[in-house]
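Using the numbering used here, you'd call the opening residue of the sequence shown number 10 and step up by one each time.
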Amino acid sequence: MRVRRRADQAPFPPEADEAMMQSECPLPGRRRASQDAKPHDVLVSNNNTAGPGAQISRRRLSSEITTMTSLLLLNVNAYTLDPQRPRVTALAVRDGRIVAAGAEAEARATAPYASTLDLGGRTVLPGLTDAHMHFEWYSLGLQAVDAGTDTLEACLERVAARAAATAPGTWITGHGWNQNVWGRFPSAADLDRAAPGHPVYLRAKSGHAAWANSAALQRAGITAATAAPPGGEIGRGPDGAPSGLLFENAMTLVEAHLPTPTVDELAEAMRPAMEQAWRYGLTGVHDFDGRRSLAAWQRLRERGQLGLRVVKTIRAAYLEHAIQLGLRSGFGDDWLRLGNVKVFLDGALGPRTARMIEPYEGEPGNCGVTVTDPEEFYELASRAAAHGLAMTTHAIGDKANHDLLDVYARLREEERRSAAETRPGAPPRPRLRHRCEHVQLLHPEDYPRLGQLNVIASMQPLHATSDMEMADRFWGARSAGAYAWRTQLKAGAVLAFGSDAPVENPNPFLGIHAAVTRRRADGSPGPDGWYPDQRLTVLEALQGYTLGAAYAGYMETRTGSLTPGKLADLIVVDRDPFTCDPMAIKDTVVLGTMIDGEWKYQA
10 MRVRRRADQA
20 PFPPEADEAM
30 MQSECPLPGR
40 RRASQDAKPH
50 DVLVSNNNTA
60 GPGAQISRRR
70 LSSEITTMTS
80 LLLLNVNAYT
90 LDPQRPRVTA
100 LAVRDGRIVA
110 AGAEAEARAT
120 APYASTLDLG
130 GRTVLPGLTD
140 AHMHFEWYSL
150 GLQAVDAGTD
160 TLEACLERVA
170 ARAAATAPGT
180 WITGHGWNQN
190 VWGRFPSAAD
200 LDRAAPGHPV
210 YLRAKSGHAA
220 WANSAALQRA
230 GITAATAAPP
240 GGEIGRGPDG
250 APSGLLFENA
260 MTLVEAHLPT
270 PTVDELAEAM
280 RPAMEQAWRY
290 GLTGVHDFDG
300 RRSLAAWQRL
310 RERGQLGLRV
320 VKTIRAAYLE
330 HAIQLGLRSG
340 FGDDWLRLGN
350 VKVFLDGALG
360 PRTARMIEPY
370 EGEPGNCGVT
380 VTDPEEFYEL
390 ASRAAAHGLA
400 MTTHAIGDKA
410 NHDLLDVYAR
420 LREEERRSAA
430 ETRPGAPPRP
440 RLRHRCEHVQ
450 LLHPEDYPRL
460 GQLNVIASMQ
470 PLHATSDMEM
480 ADRFWGARSA
490 GAYAWRTQLK
500 AGAVLAFGSD
510 APVENPNPFL
520 GIHAAVTRRR
530 ADGSPGPDGW
540 YPDQRLTVLE
550 ALQGYTLGAA
560 YAGYMETRTG
570 SLTPGKLADL
580 IVVDRDPFTC
590 DPMAIKDTVV
600 LGTMIDGEWK
610 YQA
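Given below as structure tokens:
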């Protein structure tokens, strides 16, 4: 993988390295080469549609030219997501900004002394933003055991292999198991067989349950007499002894004993994760992890190594600190910006801890878990809003989403009342960009409320295709209102799309494919997809990763479209998602990722 290239170094196949070309932007005293360029001096394609097999040359520029900050991207198939000029054939970049988007003549007139790069008809899109990602968890997870196996035994084999290569007594961690795939919940005894000499702690795919062995439970002091913390549950056997399963807030009982990486160690772990993000076409992320990740992002920024545009949420536990510091949502710069205050209302579908109005199918009496009481949530949210801090609230079940919308309605009423009662010259309470994270199931009466209340629907398309069988099984007919992207758009809600990585793969083209087809990569559940009335167009899905994510992150004037004046964040891909077979969108290969006018990644 090659990274961190200047804007005038092209992100294209290495087989064309020998092709050279003179810059069309001569330094003073140098002759322009554009009028008499030879065929081998220009970037060419045998086919302007630039299909996957097209050969496109990559040039090397002289050392003088590589210091330049202006670049013309010519012969492009660019979708700008700017409604004023949605599709263009040329872009001009200068000093990290888009300065022109239009025809070649227009771009040349705007940047007459720029170097040029002919993309041979390749498709260019705005840089993509993952609006919900756990970057610390994802980064460290690249070093942990992948527990996302088809069988329990296969997972235990991976744990045993890691134990054999790890010093006795050292913690083994991992993520990704799913009891619904395995057919049953695992137990501490299962893990004891695989790693008797190590404490083992594996988080479920949902992130809302964990599986620990006996050594891990012992280190955490969890016994039959241990009470579950508020908002959590400890799995127990018939005799009351802990089974090895921990749900929601009970997970903290073991996590408090896990080895904690230093800020420097976390920053180092984030660097390869950033490179992977560039490879997927991501230029920005909304990070949902804790204060250590904020410190690590700042450390990377200090070192000049921060290569993504980051919007950082604040855990509710630190609300008072944020208020005392006078921080407000949206504070920051183009690289690191403060988002909203994060709070959990319920759990997740997989472990059946999402809070429901009616019980889960086949589980009378189980309506999930209340992680934060609605009135407690209101008090916290009202205090945050009074100080300019918006809320980002996890809600999956229909009851959790209903409670969230009730609280947000009260906050909107407080904004209205504040505006009416404010003394002349005094600022009213601001109208804040509150978010609902996941919005996985709504009661039909609540369908229009996100749009009515101007609440951002932060959703993850891959959750729908991953969860559809579980949703049908545990929610039954209620699934008709699950992962309802089309319904939310019609109701006027802003969609901001992400992955919830590492819960799902952070590749946004997998998410776009899921949003457009409502099908898995293998084509299931069939040609029409799961509840096909909720499918989106390619444009609508792409907007979720661009304009919607930018708005949700207070960056709509800076990113989200290839509009002159905005930051030069863009990607080059090997196919046109608007014209290719929708099932082929998932196979999109990113050829180049530019951030701030600099190529961060080239294929």
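The beta-carbon is built from N, C-alpha and C at its ideal position, and this holds for glycine as well.
Since we're looking at a predicted model, the values are computed, not measured.
Is it true that the CB of residue j sits closer than 9 Å to the CB of residue i?
{"i": "Trp287", "j": "Asp296", "result": "no"}
{"i": "Val133", "j": "Leu82", "result": "yes"}
{"i": "Arg212", "j": "Met283", "result": "no"}
{"i": "Ser79", "j": "Arg103", "result": "yes"}
{"i": "His411", "j": "Asp382", "result": "no"}
{"i": "Asn516", "j": "Tyr289", "result": "yes"}
{"i": "Leu441", "j": "Leu328", "result": "no"}
{"i": "Ile604", "j": "Gly136", "result": "yes"}
{"i": "Ala221", "j": "Gly253", "result": "yes"}
{"i": "Gly569", "j": "Thr138", "result": "yes"}
{"i": "Arg528", "j": "Thr588", "result": "no"}
{"i": "Asp585", "j": "Val599", "result": "no"}
{"i": "Phe483", "j": "Ala550", "result": "no"}
{"i": "Arg94", "j": "Asn86", "result": "no"}
{"i": "Ala218", "j": "Thr362", "result": "yes"}
{"i": "Leu635", "j": "Leu450", "result": "As shown, the chain starts at 10 and ends at 612. That puts residue 635 outside it, with no answer to give."}
{"i": "His396", "j": "Arg346", "result": "no"}
{"i": "Val464", "j": "Arg444", "result": "yes"}
Excluding sequence positions up to five away, which residues of its chain have a Cβ less than 6 Å from the Cβ of residue i?
{"i": "Thr613", "result": "What the structure shows of the chain is the stretch from 10 to 612, and residue 613 is not part of that stretch, so it cannot be assessed."}
{"i": "Cys376", "result": "Met365, Pro368"}
{"i": "Asn187", "result": "Lys214"}
{"i": "Gly150", "result": "His184, Pro511"}
{"i": "Gly606", "result": "Ala16, Val102, Gly105, Ala577"}
{"i": "Gly4", "result": "Outside the shown range of the chain (10 to 612) lies residue 4, about which nothing can therefore be said."}
{"i": "Gly339", "result": "Tyr563"}
{"i": "Gln479", "result": "It is Met, not Gln, that sits at residue 479 in the sequence shown. Around Met479: Asn189, Leu358."}
When you compare only the Cα positions, how much space is there between residue i and residue j?
{"i": "Ala428", "j": "Arg438", "result": "7 Å"}
{"i": "Leu334", "j": "Leu291", "result": "31 Å"}
{"i": "Lys408", "j": "Val380", "result": "12 Å"}
{"i": "Lys575", "j": "Asp476", "result": "37 Å"}
{"i": "Ala140", "j": "Pro247", "result": "42 Å"}
{"i": "Arg319", "j": "Asp298", "result": "First, the amino acid is wrong: residue 319 is Val here, not Arg. Rounded to the nearest angstrom, the two C-alpha atoms are 12 Å apart."}
{"i": "Ala163", "j": "Pro177", "result": "22 Å"}
{"i": "Trp539", "j": "Ala524", "result": "11 Å"}
{"i": "Ser196", "j": "Ala224", "result": "13 Å"}
{"i": "Tyr563", "j": "Arg324", "result": "18 Å"}
{"i": "Trp608", "j": "Thr175", "result": "38 Å"}
{"i": "Val448", "j": "Glu372", "result": "22 Å"}
{"i": "Ile580", "j": "Arg131", "result": "10 Å"}
{"i": "Glu264", "j": "Pro591", "result": "41 Å"}
{"i": "Glu113", "j": "Ala99", "result": "5 Å"}
{"i": "Val378", "j": "Leu315", "result": "38 Å"}
{"i": "Val503", "j": "Gly557", "result": "6 Å"}
{"i": "Ala500", "j": "Val547", "result": "19 Å"}
{"i": "Ala418", "j": "Pro238", "result": "30 Å"}
{"i": "Glu370", "j": "Ala486", "result": "10 Å"}
{"i": "Gly157", "j": "Tyr210", "result": "14 Å"}
{"i": "Gly601", "j": "Ala559", "result": "21 Å"}
{"i": "Tyr610", "j": "Pro541", "result": "35 Å"}
In its own chain, which residues sit with a C-beta less than 7 Å from the C-beta of residue i, not counting the 5 before and 5 after it?
{"i": "Ser391", "result": "Leu420, Glu423"}
{"i": "Arg228", "result": "Pro208, His266"}
{"i": "Val279", "result": "Per the sequence presented here, residue 279 reads as Met, with Val not at that position. The residues are Phe144, Ser148, Ala305, Leu309."}
{"i": "Leu354", "result": "Arg364, Val380, Thr381, Phe386, Thr402, His403, Ala404, Ala409, Asp412, Leu413"}
{"i": "Gln152", "result": "Ala278"}
{"i": "Asp159", "result": "Val190"}
{"i": "Lys47", "result": "Note that Lys47 scores a pLDDT of 28, beneath 50, so its modelled location is shaky and nothing firm can be said."}
Leaving out five residues on either side along the sequence, give the residues of the same chain with a beta carbon under 8 Å from the beta carbon of residue i.
{"i": "Arg39", "result": "Confidence at Arg39 is low in this model, with a pLDDT of 30, below 50, so the placement of that residue should be treated as unreliable; the coordinate-derived value is given next. So no residue of the chain qualifies."}
Cβ pair count under 8 Å reaching 3, the stretch 487-505 against the stretch 458-473: yes
In chain order, what are the residue ranges of uninterrupted beta strand (DSSP E) at least 3 long that sit wholly in the stretch 364-421? 400-404
Decide yes or no for the touch test of the stretch 157-169 against the stretch 188-205: beta carbon pairs closer than 8 Å, at least 3 of them. yes
Residue ranges of each alpha helix (DSSP H) within the stretch 195-243, 4 or longer: 197-203, 223-229
In chain order, which continuous runs of the beta strand (DSSP E) of length 3 or greater are located wholly inside the stretch 443-471? 444-447, 465-468
Secondary structure, beta strand (DSSP E): runs of 3+ residues fully inside the stretch 83-144: 86-88, 99-103, 106-111, 124-127, 132-135, 137-142
Can you find at least 3 beta carbon pairs, one from the stretch 247-257 and one from the stretch 268-277, that sit closer than 8 Å? no
Check whether the stretch 339-353 touches the stretch 590-602, counting contact only when three or more Cβ pairs, one atom from each stretch, lie closer than 8 Å. no
Could I get the ranges of all uninterrupted alpha helix (DSSP H) runs contained in the stretch 520-592, with 4 residues as the minimum, in chain order? 547-554, 556-561
Fully enclosed by the stretch 277-312, which alpha helix (DSSP H) runs are 4 residues long or longer? 300-311
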